[in-house]
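In what follows, a single structure is set out as structure tokens and then discussed.
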Amino acid sequence: MMANDIKTTLTDRMAGFASFSMALDESTDLSDTAQLAIFILGVNKEFTVAEELLALQPLKGTTTGEDIFIEVQRVFTSFGFPWSKLIGVCTDGAPSMVGLREGFIGILNEKATELNVQKYDLIVLHCIIHQQNLCFKSIQLQNVMNVVVKTINFI
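Residues 191 to 345 in the numbering used here are what the sequence shown lists, from first letter to last.
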């Protein structure tokens, strides 16, 4: 099957990563189902960088930090990714992602020791592009939005 070939290719490619970061984005589709996009950016020992969409997972019911953490952990387990190589996380600014106690980041920090994540070396960022986009829609600042998108893409 094509899906199995893709998973095998991704697993093999990412097994060679010396370290990796992930970006998470949770949004709602047209059928009102929450979808969690998990992107992985990794670098191997030769400093070759690879970025892949790892998974697009529907979230049934609630979308709390715990729900997101459980889904990410399930995907990592299915691909055999070691949490110990995680060096960075980028999320949107939603409380379910960045909350210090009940958000994904808070839960990751809480479980860092058992997952073998170096939480004091972990770089955590949250993106402001969603807020910029909402502002753009309400006051029609196309030129500002173009600069923001170019800046984010450059980074």
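Glycine is no exception: its CB is placed at the ideal position from the N, C-alpha and C atoms.
Nothing here was measured: the structure is a model prediction, and the numbers come from that model.
Every alpha helix (DSSP H) stretch that sits fully inside the region 289-315 and reaches 4 residues is listed by chain position as 294-300, 302-305. Counting only runs of 4 or more residues that sit fully inside the region 192-229, the alpha helix (DSSP H) segments are 192-205, in chain order. Taking a cut-off of 8 angstroms for Cβ pairs, the region 291-299 and the region 263-272 do not touch, as fewer than three such pairs fall below it.
Cβ neighbours of L315 within its own chain (closer than 8 angstroms, five residues either side excluded): G278, V279, C280, T281. The C-alpha of N234 is placed about 12 angstroms away from the C-alpha of E241. Rounded to the nearest angstrom, the gap between the Cα atoms of A213 and L249 is 17 angstroms.
Here V239 is exposed: its Cβ has fewer than 16 other Cβ atoms, across all protein chains shown, within 10 Å. Bounds of any beta strand (DSSP E) do not take in T238, whose DSSP letter is neither H nor E. 7 angstroms or more divides the Cβ of A227 from the Cβ of T253.
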